[in-house]
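Here full-length UniProt numbering is used: the first residue of the sequence shown is 1, the next is one more, and so on.
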Amino acid sequence: MAIPLLNYPLVTQNPRVGGYEIAGDDQPRIFSTENLLSPGDIGTLIEAAYRQIFFHAFASDREPFLESQLRFGQITVRDFIQGLLLSETFKSSFYEKNSNYRFVEQCVQRILGRDIHGEQEKRAWAIIVATKGIEGFVDELLGSDEYLDNFGYNTVPYQRRRVLPGRSQGELPFNIKSPRYDGYYRSILGFPQIIWQTQITSYKPQDKKPKAGDPALYADMARALSIPKNPLPRVSAQNINIEASVPYRKSELATTQA
């Protein structure tokens, strides 16, 4: 008999507090099949789903069969999200590289778009993972009232209420707050890696940069010109017989006297 989801107090206030929000660049962009205006929008929606679940998908991480089904309307966005969560890429990158508690935290952030409600919710979902497996856990999250009320069947999940009115800084993105690997696997993989930069880069203010027509812009072109050099003399100046080489002209006075 499977253990039902345990009750836990709701301690994360951010996604549960309503507020007056003005649309802008700080607000999350919503991708849904209900407002597609062109065939290219479905590709943008698919990329947004990959970013939400994988943060970044390489060519080998993509699911072309699921993408094709979504493009032709055979599955919903919720089914596409479910396929990504049950893919080998997600299992090998998140499920196998983390404990059940950390895996639960990452899934709640990516699927429900909010932070975990403390250790009690993390423990309650970890029991579902242990008893029902990853498939049962994903079904519980995607079938929850919280997911269906906020995202339904046609909207890609997103980080809800990231920017809070009255705060100078909003919440960090989930991929920065909860990286893919925990500290144990990051140490095995050699992260963080220190990269030494041998080339020193300098910053030049905009007002110090040369304007159009400045001769400094043509300095490299002038240096690249090949100017022929003066040929070396075949005979050294020290070996030239000036008296024999220069013709002697007698003056008229000298001729008259003679």
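Virtual Cβ for every residue (Gly too), placed ideally from N, Cα, C.
None of these values were measured; they are calculated from a predicted model.
Ignore the nearest five residues each way along the sequence and tell me which others in N100's own chain have a CB closer than 7 angstroms to its CB. On the sequence shown, residue 100 is found 100 positions in, with the first residue counted as 1. Correct list, in chain order: A126, V129 and A130.
Round the Cβ separation of L66 and G43 to the nearest angstrom and send it over; I've been treating them as touching at under 8 angstroms. Numbered from 1 along the sequence shown, position 66 holds the residue referred to as residue 66. Numbered from 1 along the sequence shown, position 43 holds the residue referred to as residue 43. Here L66 is actually not in contact with G43; their C-beta atoms are around 14 angstroms apart, not less than 8 angstroms.
Spatial neighbours of N154 in its chain, beta-carbon cut-off 8 angstroms, leaving aside the 5 residues before and after: Here residue 154 corresponds to residue number 154 of the sequence shown, with the count starting at 1. Excluding sequence neighbours, N154 sits near S32, T33, E34, T76, V77 and R78.
If the criterion is Cβ atoms closer than 8 angstroms, does the pair R160 and G118 meet it? If you number the sequence shown from 1, residue 160 lands on position 160. If you number the sequence shown from 1, residue 118 lands on position 118. Taking 8 angstroms as the cut-off, the beta carbon of R160 is found no closer than this to the beta carbon of G118.
Residue of A219, N230, Y95 and I227 minimising C-alpha distance to residue 313: Residue coverage of the chain in this structure runs from 1 to 258, which leaves residue 313 outside it and unanswerable.
So K136 is in the alpha helix (DSSP H); what residue range does that whole segment cover? Along the sequence shown, read from residue 1 onward, the residue named residue 136 stands at position 136. For clarity, residue 136 is Gly in the given sequence; the question names Lys instead. Per DSSP, G136 belongs to the alpha helix (DSSP H) from G118 to L142.
S68 - partner residues in DSSP beta bridges: Here residue 68 corresponds to residue number 68 of the sequence shown, with the count starting at 1. DSSP lists no beta-bridge partner residue for S68.
So, is F103 buried or exposed, given that buried needs 16 or more other C-beta atoms within 10 angstroms? The residue labelled residue 103 in the question sits at position 103 within the sequence shown. F103 comes out buried.
Since S32 sits in a beta bridge, which residues does DSSP pair it with? Translated into positions along the sequence shown, residue 32 becomes position 32. S32 pairs with T155.
Can you find the residues in the same chain that come closer than 8 angstroms, C-beta to C-beta, to A216, ignoring five residues on each side of it along the sequence? In the sequence shown, the residue the question calls residue 216 occupies position 216. Within the same chain, A216 has close Cβ partners P210.
Helix or strand or just coil, what does DSSP make of T76? As a working note, residue 76 is residue 76 in the sequence shown. In the structure shown, T76 sits in coil (DSSP, three-state: anything other than H, G, I, E or B).
Would D115 be called buried (16 or more neighbouring beta carbons within 10 Å of its own) or exposed? Within the sequence shown, numbered from 1, the residue matching residue 115 stands at position 115. With a threshold of 16 other beta carbon atoms within 10 Å, D115 meets it and is buried.
In the structure shown, what three-state DSSP assignment does E243 receive? For the purposes of this step, residue 243 is taken as the residue at position 243 of the sequence shown. Here E243 sits in helix by DSSP.
CB contact check: Q106 to chain B, cutoff 8 angstroms: Among the chains in the structure shown there is no chain B, since it carries only a single protein chain.
From which residue to which residue does the alpha helix (DSSP H) around F94 run? Residue numbering aside, residue 94 sits at position 94 when the sequence shown is read from its first letter. Per DSSP, F94 belongs to no alpha helix (DSSP H) and is neither H nor E.
Excluding the five sequence neighbours on either side, which residues of its own chain have a C-beta within less than 6 angstroms of the C-beta of Y158, listed in chain order? Stepping through the sequence shown from its first residue, residue 158 is reached at position 158. Short of 6 angstroms from the beta carbon of Y158, and not among the five residues preceding or following it, lie these beta carbons of its own chain, in chain order: P28 and G113.
Need the endpoints of the alpha helix (DSSP H) that G43 sits in, please. One-based indexing of the sequence shown puts residue 43 at position 43. G40 to I53 is the extent of the alpha helix (DSSP H) around G43.
Determine the contact status of L86 and V138, defining contact as a CB-CB distance below 8 angstroms. Along the sequence shown, read from residue 1 onward, the residue named residue 86 stands at position 86. Along the sequence shown, read from residue 1 onward, the residue named residue 138 stands at position 138. Yes. Within cutoff.
Host alpha helix (DSSP H) of Y147 (start-end): As a first step, residue 147 is located in the sequence shown; it is residue number 147 there, counting from the start. Segment D145 to N150, the alpha helix (DSSP H) holding Y147.
Kindly indicate which three-state DSSP category R110 falls into: helix, strand or coil? Residue mapping note: residue 110 aligns to position 110 of the sequence shown, counting from 1. Three-state DSSP puts R110 in a helix.
Does the Cβ of L225 have 16 or more other Cβ atoms within 10 Å, making it buried, or fewer, making it exposed? Locating residue 225 in the sequence shown gives position 225, counting from the first residue. Under this definition L225 is an exposed residue.
Three-state secondary structure (DSSP) at K209? Position 209 of the sequence shown holds residue 209. Coil.
Assuming contact is defined by CB atoms lying nearer than 8 angstroms, are Q52 and R110 in contact in what I supplied? The sequence position of residue 52 within the sequence shown is 52, counting from 1. The sequence position of residue 110 within the sequence shown is 110, counting from 1. Yes; because the gap between Cβ atoms is below 8 angstroms, this pair is in contact.
Given a threshold of 16 other Cβ atoms within 10 Å of its Cβ, counted over all protein chains shown, does S92 qualify as buried or as exposed? Walking along the sequence shown from the start, residue 92 turns up at place 92. S92 should be labelled exposed.
Helix, strand or coil for Q82, going by three-state DSSP, please let me know. Residue mapping note: residue 82 aligns to position 82 of the sequence shown, counting from 1. It is helical.
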